[in-house]
Amino acid sequence: MKQVLFILFSLLFSPAAMAQLSARYTSFKPGGEWLAEDGVHIDCHGGNIIYVESLKTYYWYGEHRGEPRGASCYSSKDLYNWKKEGVVLEKGDIQVFERPKVIYDEANKRYVMWFHYDGNNYTIAELGVAVSDSPTGPFIIKDHFRPTGHESRDIGMYFDPGTKKAYIGYAADHTNLTIRMVELSADYLGITTNDVDIKAHCEGPGILKKGGIFYLLTSGCSGWTPNPATYYTAPDIMGPYIDQGHPFNGDAGNNSFNSQPCYIFKIPGYKDAYLYMGDRWNGGGRPESQYVFLPITITEEGKMELHWYKEWDLTMFTPERNRPVR
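In this text, residue positions in the sequence shown follow the working numbering: the first is 135, and each later residue adds one.
What follows is the structure in structure tokens.
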């Protein structure tokens, strides 16, 4: 009998079983512990999420700050529970690999990753690009360069579903003196000459579009230390952009709820469902750094607002005025 109980206990409380029990979530808890299905902390920083309609699956890409260093990928069916797919691009000899952003090239049935390619002293300051035939990699680096001759560090990405054009906003020139916006080539593997200076001393760009207005959310430049974010609006993604101030309501610490923006994900299946993806670095880019995911509201007056929620779920996006798109 004791032997049977021991076996049952071992099965119920094995690492695999505990991992499954610990990784079932039904909500977001910003800044809280977030484990993947294997029971290990999600290590996927500074990246983005895409949704692959044919697979009915979300893919989250980001910096893998554990070993091996590079880009990690996690998959999910509900945005709460994530399975680690692995490190899909190892940085190898790249000294600094940051801010990976992935887009699906529908015409060529491939996945394209853009990222910040740099050296330890941050003076190389280039864009890197890699490709894969699968959302779970491996991604192969194709090129790295300075866009139109400008330094490039933190990057954000925006895809226009209407025109199928894609854009990268990047922190540029002399320790992120400005943000620039550049249009990608039709195959998403290169850039065009359509490149403009937004004239904003900031980094960590995230971009959304609503009602014909583009919203550019950025952080200040204070290294790993959080600071008050600023957002800008423009009638065209290439500008001109107007400073609209700090969108984090009730931000007592004046530090964007202790986070830095990395991406804004428009959740499919809902009307106007925008997910703020932020990193809580805790003084350094560690594997165990947390995530701050919050809903973004665009008010009737066109203002961007973020409010703090200790816990929230996707029903936030399903009231009468914001019901799922059929």
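Here a beta-carbon is modelled for each residue, glycine too, at the ideal position from N, C-alpha and C.
Rounded C-beta distance between residue i and residue j? I'm assuming under 8 angstroms.
i: Gly303; j: Met315; result: 5 angstroms
i: Asp172; j: Lys218; result: 6 angstroms
i: Gly89; j: Cys178; result: The structure shown does not extend to residue 89, since the chain is modelled only from 135 through 460, so no value can be given for it.
i: Lys276; j: Leu342; result: Not quite, the Cβ-Cβ distance comes to about 28 angstroms (not below 8 angstroms), so this is no contact.
i: Tyr397; j: Gly340; result: 5 angstroms
i: Met450; j: Pro429; result: 5 angstroms
i: Met247; j: Ala264; result: 5 angstroms
i: Ala305; j: Asp331; result: Not confirmed; about 12 angstroms, so no contact.
If we count the other Cβ atoms within 10 Å of its Cβ and call it buried at 16 or more, is residue i buried or exposed?
i: Trp415; result: buried
i: Ile376; result: exposed
i: Glu454; result: Residue placement at Glu454 cannot be trusted, given a pLDDT of 41 that sits under 50; what the coordinates show is reported in the next sentence. Looking at its Cβ environment, which holds fewer than 16 other Cβ atoms inside 10 Å, Glu454 is exposed.
i: Ala157; result: Only weak support is given to the placement of Ala157: the predicted model assigns it a pLDDT of 49, under 50, and the value that follows is read from those uncertain coordinates. Classification for Ala157: buried.
i: Asn310; result: buried
i: Gly271; result: buried
i: Pro381; result: buried
i: Ser319; result: exposed
i: Gly283; result: exposed
My output table needs one value for residue i: the three-state DSSP class, helix, strand or coil.
i: Ser188; result: helix
i: Met411; result: strand
i: Leu342; result: strand
i: Met247; result: strand
i: Pro92; result: What the structure shows of the chain is the stretch from 135 to 460, and residue 92 is not part of that stretch, so it cannot be assessed.
i: Gly283; result: helix
i: Leu213; result: coil
i: Thr452; result: coil
i: Trp446; result: strand
i: Trp194; result: strand
List the endpoints of the continuous beta strand (DSSP E) containing residue i.
i: Thr364; result: 364-368
i: Phe427; result: 424-432
i: Ile176; result: Counting along the chain, Ile176 falls outside any beta strand (DSSP E), and DSSP gives it neither H nor E.
i: Pro234; result: 230-239
i: Tyr292; result: 289-293
i: Asp93; result: Absent from the model: residue 93. The displayed extent of the chain is 135 to 460, so no value can be given.
i: Thr327; result: 325-331
i: Ile347; result: 347-353
Start-end ranges of the beta strand (DSSP E) lying completely within the stretch 298-323, minimum 3 residues: 300-306, 312-318
Whole alpha helix (DSSP H) elements within the stretch 373-403, 4-residue minimum: none
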